[in-house]
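**Q**
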Amino acid sequence: MNREQHGPRHVPVLLRRADELLGPALTEPGAVYVDATLGLGGHAEHFLRTYPGLRLVGLDRDTNALRLAEERLRPFADRITLVHTTYDGIADALTQAGLDPVDSVSGILMDLGVSSMQLDEAERGFAYSVDAPLDMRMDPTTGITAADVLNTYSHGELARVLKTYGEERFAGKIASEVVRRRQQRPFTTSAELVELLYATIPAATRRTGGHPAKRTFQALRVEVNGELDSLRAALPAALDALRMGGRIVVMSYQSLEDRVVKQELAPRITSRTPVDLPVELPGMGPEFRMLTRGAEKATEREVEENPRAAPVRMRAAERIQERG
Ligand SMILES: C[S@@+](CC[C@H](N)C(=O)[O-])C[C@H]1O[C@@H](n2cnc3c(N)ncnc32)[C@H](O)[C@@H]1O
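Residue numbers (my numbering): 801 to 1124.
1. Return yes when the C-beta of P812 is under 7 angstroms from any heavy atom of ligand 1, and no when it is not.
2. If you compare alpha carbons, which of M910, D911, L909, D935 is closest to E921?
3. What is the residue span of the alpha helix (DSSP H) that S890 lies within?
4. Does the region 830-842 touch the region 904-923, meaning 3 or more C-beta pairs lie closer than 8 angstroms?
5. Below 8 angstroms CB to CB, which residues in the same chain sit around R1015 once its five sequence neighbours on both sides are set aside?
6. Can you find a heavy atom of ligand 3 that lies under 7 angstroms from the Cβ of S1052?
7. Smallest Cα separation from G1124: which of N864, D903, V949, T827?
8. What does the alpha-carbon distance come out to for the pair V1103 and Q984?
9. For a test of the three-state rule: what should DSSP assign to E1102, helix, strand or coil?
10. Can you tell me the Cα-Cα spacing of E1096 and R1115, whole angstroms?
11. Just list the beta strand (DSSP E) runs in the region 1032-1069, keeping only unbroken ones of 3 residues or longer that don't cross its boundaries, in chain order.
12. Quick one: residues in its chain with C-beta nearer than 7 angstroms to the C-beta of N802, no 5 flanking neighbours on either side, listed in chain order?
13. Check Y833 in the structure and name its three-state DSSP category.
14. DSSP on R803, reduced to helix/strand/coil?
15. Here's the rule I'm using: 16 or more other beta-carbon atoms within 10 Å means buried, otherwise exposed. How should D900 be labelled?
16. With 16 other CB atoms within 10 Å as the buried threshold, where does G807 fall?
17. Would you say the beta carbon of D858 is closer than 7 angstroms to some non-hydrogen atom of ligand 1?
18. Across the region 1022-1042 and the region 1055-1073, are there enough close Cβ pairs to call them in contact, namely three or more that are closer than 8 angstroms?
19. If you compare alpha carbons, which of G1083, R1113, P1107 is closest to I1120?
20. Determine the burial state of S1134: buried for a count of at least 16 other Cβ atoms within 10 Å of its Cβ, exposed for fewer.
21. Would DSSP call E768 helix, strand or coil?
22. What's the call for R1052, buried or exposed, on a 16-neighbour Cβ count within 10 Å?
23. Determine whether the beta carbon atoms of A975 and L993 lie at a separation below 8 angstroms.
24. So does N1025 have its beta carbon nearer than 7 angstroms to some heavy atom of ligand 1?
25. Do you know how far the Cα of M938 is from the Cα of D862?
26. Less than 8 angstroms between the beta carbons of Y851 and L826, yes or no?
27. Quick one: Cα of P1012 to Cα of E1027, how far?
28. Please classify G853 as buried or exposed, where buried requires at least 16 neighbouring CB atoms within 10 angstroms.
29. Look at D835 and A1037 and say whether their C-beta atoms are less than 8 angstroms apart.
30. Roughly how many whole angstroms lie between the Cα atoms of A1117 and E820?
31. Please indicate yes or no: does the CB of G823 lie closer than 7 angstroms to some heavy atom of ligand 1?
32. Report yes if the C-beta distance between N951 and P986 is below 8 angstroms; otherwise report no.
33. Can you tell me the Cα-Cα spacing of R1072 and M1090, whole angstroms?
34. Alpha carbon to alpha carbon, what distance is there between G1046 and D878?
35. Could you check the C-alpha separation between F847 and A818 for me, to the nearest Å?
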């Protein structure tokens, strides 16, 4: 599949707001912008075009995405370094780009989750609406697949994955049914799983709970890709990479991700001066300040223009003190 097939349908999420938040940090010539989830390079292209002195370090775990982004960003080839890595490898990626892993970056964007291309490529198994192999790896070159999870995890492990990552009420019941069915035949395709979910989740709960496969597919994707662990490991390294005045924007698409972002930012925006002291002790003030109030959502108009923006929760922060 080539970029043209995705191009017209691919609108970067909250582009204008991301620019308002990151832009003030990106104007200086030579400023470094890390796009930790490069995807098809939609956000990256905008920033490279808007800020002519900007240098991009783009990361993605998906080799297909990197190939397409490289093609799209060819006009800026002398200003970009693309690295195949998960975003928790940000420090190594910076080193690879000849930069310091700390205090060197002016702006970081993390637009989490799957890309429209990954969803569109039916054979990768992310979408429950089409029958496809149960794969779901964002990096198709490594790691376990969704079928491996279904066919090898114990009942308890399956139930934990579905409950924790999918917030699925019927996790135990679904896990029992998976274990029962795989004894007859291992799972290979998404249609088998979707059929099981239709049969297992009570019809009465569908009106409020959305498509019966939605939560299970989300849970399997998070497990297969270690998404939350990767995010938890990436954020401290990303925050450390930012120089004074450097800014980070994170867009989450599920409450679990947003919670991790909130938790990782909390100690950084909090003063370490003892509460009973009347003045801030030197070097003990907060390292960052929030640029968003809580988690910002997309406006109705943005969701109309780009339905992918509907679940987004955006948080942004700026470094206001050197690292301690
Ligand atoms: C929502 S898309 C990004 C779209 C991009 N902002 C654009 O405008 O085209 C998310 C991308 O992040 C990548 N990704 C997800 N988890 C990742 C991780 N842990 N490390 C690196 N890349 C990851 C996916 O492969 C996907 O290409």
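Glycine is no exception: its CB is placed at the ideal position from the N, C-alpha and C atoms.
**A** Short version:
1. By 1-based counting over the sequence shown, the position of residue 812 is 12. Yes.
2. Along the sequence shown, one-based indexing puts residue 921 at 121. When only C-alpha atoms are compared, the closest one is D935.
3. Start at 1 with the first residue of the sequence shown, and residue 890 comes out as number 90. One detail in the question is off: residue 890 reads as Ile in this sequence, not Ser. Run containing I890: 890-896, per the alpha helix (DSSP H) assignment.
4. yes
5. Along the sequence shown, read from residue 1 onward, the residue named residue 1015 stands at position 215. Hits under 8 angstroms: L962, G966, E967, E968, G1009.
6. Of the ligands one can find in the structure shown, namely ligand 1, none is ligand 3.
7. For this step, residue 1124 is matched to residue 324 along the sequence shown. Taking only the C-alpha atoms, the option nearest G1124 is D903.
8. Walking along the sequence shown from the start, residue 1103 turns up at place 303. Walking along the sequence shown from the start, residue 984 turns up at place 184. Their Cα atoms are separated by approximately 44 angstroms.
9. Start at 1 with the first residue of the sequence shown, and residue 1102 comes out as number 302. Three-state DSSP puts E1102 in a helix.
10. As a position in the sequence shown, residue 1096 is number 296, starting the count at 1. As a position in the sequence shown, residue 1115 is number 315, starting the count at 1. So the two alpha carbons sit approximately 7 angstroms from each other.
11. 1042-1052
12. Your numbering for residue 802 matches position 2 in the sequence shown. Since pLDDT at N802 reaches only 41, below the 50 mark, its modelled position is unreliable, and no value is offered.
13. As a working mapping, residue 833 is identified with position 33 in the sequence shown. In the structure shown, Y833 sits in a strand (DSSP, three-state: E or B).
14. Within the sequence shown, the letter at position 3 stands for residue 803. Note on R803: pLDDT 39, under 50, position unreliable in the model; no value is reported.
15. The residue you call residue 900 lines up with position 100 of the sequence shown. Label assigned to D900: exposed.
16. Here residue 807 refers to the residue found at position 7 when the sequence shown is read from its first residue. Here G807 scores only 44 on pLDDT, less than 50, and its place in the model is too uncertain to base an answer on.
17. For the purposes of this step, residue 858 is identified with residue 58 of the sequence shown, where counting begins at 1. A quick correction: the sequence has Gly, not Asp, at residue 858. It does not: the Cβ of G858 is nowhere closer than 7 angstroms to a heavy atom of ligand 1.
18. yes
19. Residue 1120 sits at position 320 when you count from the first residue of the sequence shown. With distances taken between Cα atoms, I1120 lies closest to G1083.
20. What the structure shows of the chain is the stretch from 801 to 1124, and residue 1134 is not part of that stretch, so it cannot be assessed.
21. Residue numbering for the chain in the displayed model covers 801 to 1124; residue 768 lies beyond these limits and cannot be assessed.
22. Position 252 of the sequence shown, counted from the first residue, corresponds to residue 1052. For the sequence presented, residue 1052 should be read as Ser rather than Arg. Flag for S1052 reads buried.
23. To locate residue 975, count along the sequence shown from 1; it is residue 175. To locate residue 993, count along the sequence shown from 1; it is residue 193. Not a contact, by the Cβ cut-off of 8 angstroms.
24. Walking along the sequence shown from the start, residue 1025 turns up at place 225. Result yes, Cβ under 7 angstroms from ligand 1.
25. As a first step, residue 862 is located in the sequence shown; it is residue number 62 there, counting from the start. As a first step, residue 938 is located in the sequence shown; it is residue number 138 there, counting from the start. Straight-line Cα distance between these residues: approximately 6 angstroms.
26. Here residue 851 refers to the residue found at position 51 of the sequence shown. Here residue 826 refers to the residue found at position 26 of the sequence shown. Their beta carbons are under 8 angstroms apart, which means Y851 touches L826 by this criterion.
27. Mapped onto the sequence shown, residue 1012 falls at position 212. Mapped onto the sequence shown, residue 1027 falls at position 227. Cα-Cα distance, rounded: 22 angstroms.
28. For the purposes of this step, residue 853 is identified with residue 53 of the sequence shown, where counting begins at 1. By the 10 Å Cβ count, G853 comes out exposed.
29. As a first step, residue 835 must be located in the sequence shown, where it is residue number 35. As a first step, residue 1037 must be located in the sequence shown, where it is residue number 237. No.
30. Taking the first residue of the sequence shown as position 1, residue 1117 is located at position 317. Taking the first residue of the sequence shown as position 1, residue 820 is located at position 20. Rounded to whole angstroms, A1117 to E820 spans 12 angstroms at the Cα level.
31. To locate residue 823, count along the sequence shown from 1; it is residue 23. No; taking the cut-off as 7 angstroms, the Cβ of G823 has no heavy atom of ligand 1 nearer than that.
32. Residue mapping note: residue 951 aligns to position 151 of the sequence shown, counting from 1. Residue mapping note: residue 986 aligns to position 186 of the sequence shown, counting from 1. A contact, by the Cβ cut-off of 8 angstroms.
33. As a first step, residue 1072 is located in the sequence shown; it is residue number 272 there, counting from the start. As a first step, residue 1090 is located in the sequence shown; it is residue number 290 there, counting from the start. Roughly 16 angstroms between the two C-alpha positions.
34. As a position in the sequence shown, residue 878 is number 78, starting the count at 1. As a position in the sequence shown, residue 1046 is number 246, starting the count at 1. So the alpha carbons of these two residues sit roughly 23 angstroms apart.
35. Residue numbering aside, residue 847 sits at position 47 when the sequence shown is read from its first letter. Residue numbering aside, residue 818 sits at position 18 when the sequence shown is read from its first letter. Whole-angstrom Cα-Cα distance: 10 angstroms.
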